[in-house]
Amino acid sequence: MPLFFRKKKPSDDARKRLEYQMCLAKEAGADDVLDISKCELSEVPYGAFATCKVLQKKVLIIHTNNLTSLVPKSCSLLSLITVKVLDLHDNQLASLPDDIGQLTSLQVLNLERNLLKCLPQSIGDLAQLQMLNVKGNKLKELPATVSGLRSLRTLDISENVLQELPRVLAHVRTLETLTLDASSMTYPSPDICSAGTESIQQFLCKECGIAYYPPSQYLLPALESDGGGPSVDGVDRAVHKYLEEESEWQNKFLDYEKRKEKKMQEKLEFERRLNMGQREHALLVQQINSQKDEILQTVREDQMRLEEGLTKHQRYLEEERLKLLQQLKEAEQGVASRIQKLLEDNQRQKQSSDILKSLENERIRMEQLMAITQEETEHLRRREVASAMQQMLAESYKNKLIQMTYESRRQDLVNQACSSLAEMDQKFQQILAWQQLDQNKAVSQILQQIEMQKAAFEALQVKKDLMHRQIRNQIKLIETELLQLTQLELKRQELDTETLQGVITEQRQALGYLLQQLLKEKKQREEELRQILLEMEEKSETKQENYWLIQYQRLVNQKALSLKLQEEGLEQQLVNLLIELSAEQYVPVFAHHRISLQALSTMTASDLEKIGVTEAGLQRAILKRAQEILAVAKTIPELLRVVDAEGPAAPEPSAPLEEPPSPVVPTAPLAQWDKNKSECVVCMEQEVR
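If you count the sequence shown from 1, position 351 lands on 351 in UniProt numbering, and the numbers rise without skipping.
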């Protein structure tokens, strides 16, 4: 059983009833009745005690509540000293106050259907109590002090666990009606209890050794105010007084019933008016609803027309959206295939062992370049080489200045600070000063300064290096793919769709990782070229004149790889086939084995694997492409002759040729690009300026 429990709050109706009854009891001209029944009370409110004390109420009705005690804290039972009728039936009272005997005016006490287990000893002090109802409780016995109830006329102790009556009950001579459960009694016996109140009293008087007299002989003397002996006049006065009081009580109850009937009539009248108002309101609501239905019908027809038009427009937009999504899907598939191809090419280049051999051959060739012959010294074209160096240095220095300016601008954007105007002016003045230099003066200065000659040779060496060029081409291709991915993502943002968004993210991550690897390889190759330059500088003869000019001229006069391969007998269409499939690293292998297109068409995948082409996908692609070229050549034989006849001897260049474009380009069509929404392909945030 919990030590603490939350009291249940009374409902709004019960609270309103309590307030109404309290106000009714305090009105001027109110009767002596205080009725706070059916108010869901857990304890008697303090205001009820105060009202009974101040207004001297005689009837207190508190039945059908949740009372567990009669007197709450901070209240005294003496406040009910004037109460004659106390109705407490249908509550949860487990006990009565020990000082209940202080209610000396009490005549009626109704305790029916409670939880009483015993009655207090002071119950015998209620000398004027005429009716005591304790039906439906848990009483096991009656206290011996009930003999002091000398005015008791009615006693109801049925529906209890009581089995014996006290003998002292025989002293209650005024008892007229005694109600009990005869079948469960043991003393007196069930037969005596079934015979009635008179038989029970006779039995108890006999047990106590006193004579039995009917209650009518003791009732009138009990109603007398004084304790003198009975007389005829006194009895008449007592009977008259009792009748008057009885008549007065009846009149009061009749008045109460009349007021109750009047209140009921007023309530019925109010309900009638309320029903009339509700009917009028219902009629008005019905009229409004009919008008509303008409308006709704009109609105519904308009809405149906709008919905039909909207449905047609939405259907058209959906068709356009599906078409655009199909185009985006095709573009994405093209991007995915090209990315997969790039990844395969990169993996193929990493796994190839011929790269190491080509690097070693390149190193041997560079060592051979260090040896300068007398013939090269005599045929040195100083002016032409110096002019070419001047162009190379100017271009290199201009690129460096542009890169420095771009880095400065990017750093300023990150730090949100303005760079110094003086430094920017100085940089631009340097650029203008370089542009205004006299070419003859620059050529003469280059001829005199070894460091400048060395810088020009370094720039040309990086530009002519085959591996460095391949890395640059792959970086450009990856940047192009990143740009197309960015355009696709912007299109998807405009369409507000997330289809294949995860695939695009994975592709971007793969391309970013591949771009980082290529940048590292580019930096590593530049370091290797610088190391070769340092070795050349260490091994050069100290007194050798025009050493770097001769090296520059030799590098310029060096024939392209395609020309060398043609001299060795490798077909140009075969070279183009390998470049198209991003397999240019296998060009020396095909040239070494002197493989032609005709021989390639008869080879199998195992034959290609024997000569060093280990990738299965690349093997199938090379064989398929070779068969296609030969099939076209059989239809149009002039194609092979035209290609073989091309390639006339070019004059020996005095300046480096421009770098050829990337051999591998994207095959998918570029998406339409909105210039106003251009975006950086690296950070994906700031717009390109």
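Even glycine gets a Cβ: it sits at the ideal position worked out from N, Cα and C.
Less than 8 Å separates the beta-carbon of Gln56 from that of Thr82.
Excluding its 5 nearest sequence neighbours in each direction, Leu284 has no C-beta neighbour in its own chain below 8 Å. When DSSP states are grouped into helix, strand and coil, Met131 belongs to the strand group.
Short of 8 Å from the beta carbon of Glu308, and not among the five residues preceding or following it, lies no beta carbon of its own chain. Around the beta carbon of Thr505, fewer than 16 other beta carbons sit within 10 angstroms, so the residue counts as exposed. Within the DSSP bridge table, the entry for Asp156 names Asn133, Thr179 as partners. Secondary structure at Tyr212: coil, using DSSP grouped into helix, strand and coil. Around Gln202, the same chain offers Tyr212 as residues with beta carbons nearer than 6 Å, after the five sequence neighbours per side are excluded. Apart from sequence neighbours up to five positions away, the residues of its chain that approach Gln430 with a beta-carbon distance below 8 Å are Leu401, ordered along the chain.
If you compare the alpha carbons of Gly136, Leu77, Arg409, Thr177 with that of Asp98, the shortest gap goes to Leu77.
Taking the Cα of Ala182 as reference, the smallest distance to any Cα among Val172, Glu164, Gln403, Leu169 is reached at Glu164.
Nearest in C-alpha terms to Leu342, of all of Val71, Gly209, Thr480, is Thr480.
Around the beta carbon of Ala50, a 10 Å sphere encloses fewer than 16 other beta carbons of the protein chains shown; the residue is thus reported as exposed. Contact annotation, Leu169 with Val146: C-beta distance approximately 6 Å; criterion of less than 8 Å satisfied. Here Ser37 is actually not in contact with Leu67; their C-beta atoms are around 11 Å apart, not less than 8 Å. Between the alpha carbons of His63 and Glu257 lies a gap of roughly 18 Å. If you draw a straight line from the Cα of Val59 to the Cα of Ile192, it comes to about 36 Å.
DSSP places Asp98 outside both helix and strand once states are collapsed to three, so it counts as coil. Restricting attention to Leu142, Ile471, Tyr316, the CA atom closest to the CA of Tyr187 is found in Leu142. If you draw a straight line from the Cα of Leu106 to the Cα of Leu126, it comes to about 7 Å. In the three-state DSSP reduction, Leu60 falls in the strand class (E or B). By the neighbour-count criterion, in which 16 or more other beta carbons inside 10 Å mark a residue as buried, Arg272 falls on the exposed side.
For Tyr187, the beta-bridge partners assigned by DSSP are Glu164. Collapsing the DSSP output to three states places Asn576 in a helix. Annotated three-state conformation of Val33 is strand, per DSSP.
DSSP places Leu630 inside the alpha helix (DSSP H), whose first and last residues are 616-635. Residue Ala456 holds the alpha-carbon nearest to the alpha-carbon of Tyr397 among Ile579, Arg150, Ala456. Between the beta-carbon of Gln92 and that of Leu115 there is about 6 Å, and that keeps the pair under the 8 Å contact cut.
Measuring C-alpha to C-alpha distances from Leu578 to each of Glu609, Ala621, Lys610 identifies Ala621 as the nearest. At least 8 Å separates the beta-carbon of Ala25 from that of Leu18. Boundaries for Leu77: no alpha helix (DSSP H) harbours it, and the DSSP string shows neither H nor E there.
For Leu115, there is no enclosing beta strand (DSSP E), as DSSP gives it neither H nor E. For the pair Leu155 and Gly124, the CB atoms are not nearer than the 8 Å cut-off. Beta-bridge pairing by DSSP links Val108 to Val85, Met131. Our two residues, Glu280 and Lys84, have alpha carbons roughly 50 Å apart in a direct line.
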